[in-house]
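Mind the numbering: the sequence shown is residues 9 to 257 in my numbering, read in order. Cβ coordinates follow ideal geometry from the N, Cα and C atoms, glycine included.
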Amino acid sequence: MENSELIIEGRNAVVEALKADRSIDKLFIIDSEQQSGPIKTIVAEARKRGVVIRFETKEMMDKISNTNKHQGVIAYVAAYDYVEVEDILQIAKDKGEPPFVIILDSIEDPHNLGAILRTANIAGVHGVIIPKRRAVGLTATVSKTSAGAIEYTPVARVTNIVRTIEDLKKQGLWIACADMDGQLMYKVDLKGPLAIVVGGEGAGVGKLVKEKCDLIAKVPMKGDIDSLNVSVATSILVYEALRQRDFLS
């Protein structure tokens, strides 16, 4: 396994880290809010786990913060682990479900990755695959934006997306690409073993990646602008897949 160091910021993100029994090395709490309800709950849970707690001024908290949105709570944690693609497929097998995977082709904005992880977890996606190069990894901003979903959503980081797609196809997965040149998503069969491929901000899915996809699905749009935020488009397509997989008789 591979890992990445980071700090976790924000009340929800730290609460979920505690719930998930993450190894927290140190917890910083803003001194002026230590008596507030949410903060007191976090402190109590941290003390149960023997976490070292330090109360700091707002100025010091702002200095420690990477995001400037710490909400009075910052945790230093053990590194997040990246899983292997095989681990994601095994999770689906253990649940007795056909694999449901998201592949992100060069997402660079940590807010988008965090939002996609949140959607993935809520929609029952078994894991997310990202490339090692030209893409954001599991950072503090991703953690905060995911609102705790990073704790429960396996992420694999691979050297070559095209090769990974080829391997997944050998494992029996169908690969569906999100692209405006495709069929309306309602007409695309998104049931069964599936990986949804979503391209990066602006450039979309790369040509070589797109050529490896079995299906191309587009999100319907009627307005004056011609694109959606990538995390929003991903959410729409993932939920259409969920509808087809779980809610069609």
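Would you call the stretch 130 to 142 and the stretch 43 to 62 in contact, with 3 or more CB pairs under 8 Å? Contact between the stretch 130 to 142 and the stretch 43 to 62 is absent, because fewer than three Cβ pairs lie under 8 Å.
Mind checking which residues open and close the beta strand (DSSP E) that includes Glu17? Boundaries of the beta strand (DSSP E) harbouring Glu17: 15 to 17, taken from the DSSP string.
Would the stretch 16 to 35 count as touching the stretch 80 to 91 if we require 3 or more Cβ pairs under 8 Å? Contact between the stretch 16 to 35 and the stretch 80 to 91 is present, because at least three Cβ pairs lie under 8 Å.
Using the C-alpha atoms, what's the distance from Asp89 back to Lys34? Each residue's alpha carbon lies about 19 Å from the other.
Residue closest to Ile244, alpha-carbon to alpha-carbon, out of Leu256, Asp234, Ile233, Met229: When only C-alpha atoms are compared, the closest one is Met229.
Look up Ala21 in the DSSP assignment and say whether it is helix, strand or coil. Ala21: helix per DSSP, three-state reduction.
Suppose contacts are defined by Cβ-Cβ distances below 8 Å. Is Ile233 in contact with Ala203 by that definition? By the CB criterion at 8 Å, Ile233 and Ala203 fall outside the cutoff.
Quick one, are the C-beta atoms of Ile137 and Gly190 less than 8 Å apart? Taking 8 Å as the Cβ cut-off, Ile137 and Gly190 do not qualify as a contacting pair.
Consult DSSP for Leu181 and reduce its assignment to one of helix, strand or coil. Leu181 falls in the coil class under three-state DSSP.
Contacts around Arg165, its chain only, beta-carbon distance under 6 Å, and the 5 residues preceding and following it disregarded: For Arg165, where only same-chain residues beyond five positions count, the Cβ hits under 6 Å are Tyr90, Ile138, Lys140.
Determine whether the beta carbon atoms of Ile124 and Ile111 lie at a separation below 8 Å. Ile124 is not a Cβ neighbour of Ile111, given a cutoff of 8 Å.
Beta carbon of Ser44, beta carbon of Lys66: below 8 Å? With a cutoff of 8 Å on beta-carbon distance, Ser44 and Lys66 are scored as not near each other.
Smallest Cα separation from Asn168: which of Glu159, Ala186, Gln98, Val93? Asn168 has its Cα closest to that of Val93, out of Glu159, Ala186, Gln98, Val93.
Here's the rule I'm using: 16 or more other beta-carbon atoms within 10 Å means buried, otherwise exposed. How should Leu181 be labelled? With 16 or more Cβ atoms within 10 Å of its Cβ, Leu181 is classed as buried.
Would you kindly work out how many angstroms separate the C-alpha atoms of Asn120 and Lys77, rounded to a whole number? Asn120 and Lys77: Cα-Cα distance of roughly 17 Å.
With respect to the beta strand (DSSP E) encompassing Tyr194, which residues constitute its N-terminal and C-terminal limits? Taken as a continuous stretch (DSSP letters only), Tyr194 belongs to no beta strand (DSSP E), as it is neither H nor E.
I need the straight-line Cα distance from Glu248 to Gly210, nearest angstrom please. Between Glu248 and Gly210, the alpha-carbon positions lie close to 23 Å from each other.
For Pro46, which three-state DSSP category applies? Reduced to three states, the DSSP call for Pro46 is helix.
Helix, strand or coil at Pro139 according to DSSP, with G and I counted as helix: Three-state DSSP puts Pro139 in a strand.
With burial defined as no fewer than 16 other Cβ atoms inside 10 Å of the residue's Cβ, what is the status of Asp113: buried or exposed? Classification of Asp113: buried, given that the 10 Å Cβ count is 16 or more.
Would DSSP call Gly122 helix, strand or coil? Look at Gly122 here: in three-state DSSP terms it is helix.
Taking the CB atoms as reference points, tell me whether Pro162 and Val144 lie closer together than 8 Å. Against a cut-off of 8 Å, the Cβ pair of Val144 and Pro162 comes out as no contact.
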